[in-house]
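Take a look at the structure set out below.
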Amino acid sequence: MGPLDEFVRKKARDDYTVLALWETGIRTVRLPLADLTDDATRQRLEELHRIGTRYGFFTVNLPDLALIDEHRHLIDFLEVILPWESAQEILPDAARLRESLNLPVYLANIESSIHRVQTGQTFNHYVSSGFHIEDTSKLKPFLSLRGAVDGFAFEVGQYEPPLSTIKRINDYATLRGFKALINVRLAPENSAEYLQDDNQVANRVAEAAIAGYAYPSVKILLDTFMDHDRGYFPRVGLYDRRLNPRRAAFILRHLNSAINRYGAEIVETSKKVSRDWATINFHSPQTIYTLKLPQTLDASVISAECNTIDLTTGTINPCKLNSGVQLLTVRARI
232 MGPLDEFVRK
242 KARDDYTVLA
252 LWETGIRTVR
262 LPLADLTDDA
272 TRQRLEELHR
282 IGTRYGFFTV
292 NLPDLALIDE
302 HRHLIDFLEV
312 ILPWESAQEI
322 LPDAARLRES
332 LNLPVYLANI
342 ESSIHRVQTG
352 QTFNHYVSSG
362 FHIEDTSKLK
372 PFLSLRGAVD
382 GFAFEVGQYE
392 PPLSTIKRIN
402 DYATLRGFKA
412 LINVRLAPEN
422 SAEYLQDDNQ
432 VANRVAEAAI
442 AGYAYPSVKI
452 LLDTFMDHDR
462 GYFPRVGLYD
472 RRLNPRRAAF
482 ILRHLNSAIN
492 RYGAEIVETS
502 KKVSRDWATI
512 NFHSPQTIYT
522 LKLPQTLDAS
532 VISAECNTID
542 LTTGTINPCK
552 LNSGVQLLTV
562 RARI
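Here the sequence shown is numbered in the numbering used here, starting from 232 and rising by one per residue.
Structure (structure tokens):
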């Protein structure tokens, strides 16, 4: 309520989230399927869809076919999250969903505290979705039915390196003939832990971005876009709650800009880790890239090379390199 509308709630629209998506170069957004049932939300999705934003929708258990059919043009892919104990019974219906709607369908399992081995006296409440490449035992019984769906959803956990883990998932999916949807988790594994390391988040986002270019057959999503600073699993994202960009947002923005300018057909990634720095080498047909990721904010200053970009600012060939900043060096292939 306000002084001019004492008895009516005034509606307001916040476009900062849209601006943030555009700034970072993000074009695909993962949303709950229930968003399509709200008229105001759906109208906004329609407007953004017309200028290039794409949507993947997720739902727990089988969705309303009529809802999907009515708004099929807004759905780029559908993620169906199932209690894996009952997945065998639901898979035939999921297959019919894919056939009737001609829509890419991915299956994900629900993982909670009961699926994890508890050690010690502390009980950790946990819930998430997606398979882990370290343990594909739950997925193996259903691989023979993979023709019923397009693929399966995986999760890259907080303590798994994104680049190498995504490569393993890509290789596993390619070998077995299905597509992979990958959620890179920025949330903690412990519901009471508050992760606030902007540098660590920025490094994970940078690795995930490189993997997205190197393995274009997989879909990679980031969780979380904006800070979640209360309740369970608090963590920082790419933007704070006022939509001010954090370090990860600057890194993603400038990394996307550089790669799309100098060559985005990335192949042959490699990563080496030292005490202060992680170095990722990769190249496109025309460009050789070297990405330097500081392990800490006080990582030692390294010598500058020609065509070095400070990814925290976007400055090309800065006069002075600061300690603990992400750097990208670009060289033409001869």
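Note that the Cβ used here is the ideal one computed from N, Cα and C, for glycine as well. No experiment lies behind these values; they were computed from the predicted model shown.
How many whole angstroms separate the CB atoms of residue i and residue j, which I take to be in contact at a CB cut-off of 8 Å?
i    : j    : result
Y444 : A495 : 6 Å
V432 : V415 : The pair is not a contact, with the Cβ atoms about 10 Å apart (cut-off 8 Å).
L452 : R261 : 5 Å
G361 : A326 : No, G361 and A326 are not in contact; Cβ-Cβ is about 20 Å, not under 8 Å.
W315 : K369 : 6 Å
T518 : R477 : Contact doesn't hold; Cβ gap of about 28 Å is too wide.
D507 : A530 : 4 Å
A442 : I397 : 4 Å
T527 : N430 : 7 Å
Compare the C-beta of residue i against all C-beta atoms of chain C and say whether one is closer than 9 Å.
i    : result
L279 : Of the protein chains in this structure there is only one, and it is not chain C.
Give every residue of the same chain whose Cβ lies closer than 8 Å to the Cβ of residue i, excluding the five residues on either side of it in the sequence, and list them in chain order.
i    : result
R472 : M457, D458 and D460
L559 : H485, L486, A489, Y520, T521, L522, K523, T539, I540 and L542
L296 : L328, S331 and L332
H346 : With a pLDDT of 48 at H346, under the threshold of 50, the modelled position of this residue cannot be trusted, and the question is left open.
D266 : T272, R273, L276 and F288
L298 : L264, L267 and T268
Determine the extent of the alpha helix (DSSP H) in which residue i is found, giving its start and end residues.
i    : result
L276 : D270 to R281
T259 : Segment T259 to P263 is the beta strand (DSSP E) holding T259; no alpha helix (DSSP H) there.
V249 : Y247 to T255
With distance defined between alpha-carbon atoms, name the residue in the options nearest to residue i.
i    : options                   : result
A509 : R435, R407 and K241       : R435
Y286 : H485, D295 and T272       : T272
E438 : L474, K523, T405 and V291 : K523
A379 : F409, L417, P393 and E536 : F409
G555 : P525, C537, S534 and N548 : P525
N553 : P447, L298 and I533       : I533
N321 : S422, P263 and F373       : Asn is not the amino acid found at residue 321; the sequence shown has Ile there. Of the listed residues, the one whose Cα sits closest to I321 is F373.
V249 : Y470, G545 and T544       : Y470
E499 : K450, L394 and L267       : L394
A450 : Q389, F383 and G462       : Note that residue 450 corresponds to Lys in the displayed sequence, not to Ala. Among Q389, F383 and G462, the Cα nearest to that of K450 is on F383.
P304 : I511, L334 and L313       : Here the sequence assigns His to residue 304, which means Pro is not the residue at that position. The option with the nearest alpha carbon to H304 is L334.
S501 : N512, E420 and D402       : N512
T259 : Y493, V467, D454 and R466 : D454
Which same chain residues, not among the five before or five after residue i, have their C-beta less than 6 Å away from its C-beta?
i    : result
E342 : S359
S375 : none
L474 : Y247 and A251
G256 : N487
D245 : none
May I ask which residues mark the beginning and end of the beta strand (DSSP E) holding residue i?
i    : result
L453 : K450 to D454
E386 : G382 to V387
V561 : L558 to A563
T539 : T539 to D541
Output needed for residue i: all residues of its chain with C-beta closer than 7 Å, excluding positions within five of it in sequence on either side, in chain order.
i    : result
F289 : R261, P263, L264, E310 and I312
Any beta strand (DSSP E) of 3 or more consecutive residues that is wholly inside the stretch 290-332: 308-313
Which full runs of the beta strand (DSSP E) of 3+ residues lie inside the stretch 469-536, going along the chain? 498-504, 508-514 and 518-525
Counting only runs that start and end within the stretch 404-470, where is the beta strand (DSSP E) found for 3 or more residues in a row? 410-416 and 450-454
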